[in-house]
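Notes to accompany the following structure.
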Amino acid sequence: GKFLFAPSIDRAIKRDHTKKTSIRKMTSSLAFVGFAISMLAMATTTSLYFVSSALIICKIASSAHVCGFKTTYLDLTSKHTGAL
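Just so we're aligned: the sequence shown equals residues 1102 to 1185 in this note's numbering.
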């Protein structure tokens, strides 16, 4: 997962350096959603193969989250933080 996402995210950042934070926010957000969907899918099945597939997707999503490093939760929710 990390070896797939990291080069593509780095390439996107190099193409448009001004959107660095938004690219990282998008990557982190998509990774959180992918992880959550996979965990919910595991809770709804008893199939060993389906659970194994969902665990693989969870790992890929957590690897994609690493590409959003240096994106804090304040960056992700900057509209709702108020005055700090």
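Glycine is no exception: its CB is placed at the ideal position from the N, C-alpha and C atoms.
Under 9 Å between C-beta atoms of residue i and residue j
{"i": "Phe1124", "j": "Asp1117", "result": "At residue 1124 the sequence reads Ile, which differs from the Phe that was named. Cβ distance < 9 Å, so Ile1124 and Asp1117 count as in contact."}
{"i": "Leu1131", "j": "Ala1155", "result": "no"}
{"i": "Phe1136", "j": "Ser1153", "result": "no"}
Status (buried if at least 16 other CB within 10 Å, exposed otherwise) for residue i
{"i": "Ser1148", "result": "exposed"}
{"i": "Thr1146", "result": "exposed"}
Task: Stretch pair the stretch 1154-1161 + the stretch 1126-1140: three plus CB contacts closer than 8 Å - done: yes
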